[in-house]
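K.L.:
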Amino acid sequence: PYRWARLTIFTDPWKDPLGNGYQLIQALYALGSGGLFGKGLNFSTQKLRFLTYGESDFIFAIIGEELGFMGCVVLLCMYFFIIWRGIRIAARCKDRFGSLLAGGVTAVMALQVGVNVGVASSSVPPTGQTLPFVSAGGTSLVIFMAAVGILLNISRNTELE
786 PYRWARLTIF TDPWKDPLGN GYQLIQALYA LGSGGLFGKG LNFSTQKLRF LTYGESDFIF
846 AIIGEELGFM GCVVLLCMYF FIIWRGIRIA ARCKDRFGSL LAGGVTAVMA LQVGVNVGVA
906 SSSVPPTGQT LPFVSAGGTS LVIFMAAVGI LLNISRNTEL E
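Here my numbering runs 785 ahead of the position in the sequence shown, where the first position is 1.
Following this line, the structure appears as structure tokens:
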């Protein structure tokens, strides 16, 4: 029952606004209150413990509140650039293993960005995925820095061949 409610609450979080739907409603309030240019850095009201896990799972909603729609677009453009470069590295790699590794690393990053943005915008059920390079969490940061290091190494060795 709990898992089913958690899975289906994203379709209509107002069915249970003080229970399972609370996080999603607060995330939508944060995204909506940011407007086009946001409230300004460190002027978010939702991160004052209204939005639980705002520093990790719902950081995209906090960014939307502080930097607005334009800040979200800039952040997504930066992710798009990293993912595009990863796909290019995978496509240009002459070694099959390097190509598959670069493609896999890029796919994991793209999937995690997509899931986190989807959760913050109530398009995907809450999963607890962090936003790469942005969310608070040392393990996630170390893993994604290593992933970018792998991509850079594949890129460097491909260009030398």
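All C-beta atoms in this analysis are idealised placements derived from N, C-alpha and C, irrespective of residue type, glycine included. In this text the structure is predicted, and so the values were computed from the model without any measurement.
Under three-state DSSP, which class holds residue 808?
P.N.:
DSSP places residue 808 in helix when its eight states are reduced to three.
K.L.:
Taking the alpha-carbon of residue 935 as reference, which of 866, 827, 833, 886 has the nearest alpha-carbon?
P.N.:
It is 886 whose Cα lies nearest to the Cα of residue 935.
K.L.:
Would you call the CB atoms of residue 848 and residue 856 closer than 8 Å?
P.N.:
Their beta carbons are under 8 Å apart, which means residue 848 touches residue 856 by this criterion.
K.L.:
Quick one: grab the DSSP three-state call for residue 796.
P.N.:
DSSP places residue 796 in helix when its eight states are reduced to three.
K.L.:
For a quick check, are the C-beta atoms of residue 943 and residue 879 less than 8 Å apart?
P.N.:
Yes.
K.L.:
Determine the contact status of residue 905 and residue 891, defining contact as a CB-CB distance below 8 Å.
P.N.:
No, Cβ-Cβ distance for residue 905 and residue 891 is not below 8 Å.
K.L.:
Under the rule that 16 or more other beta-carbon atoms within 10 Å means buried, what is residue 827, buried or exposed?
P.N.:
Answer is exposed; the Cβ neighbour count stays below 16.
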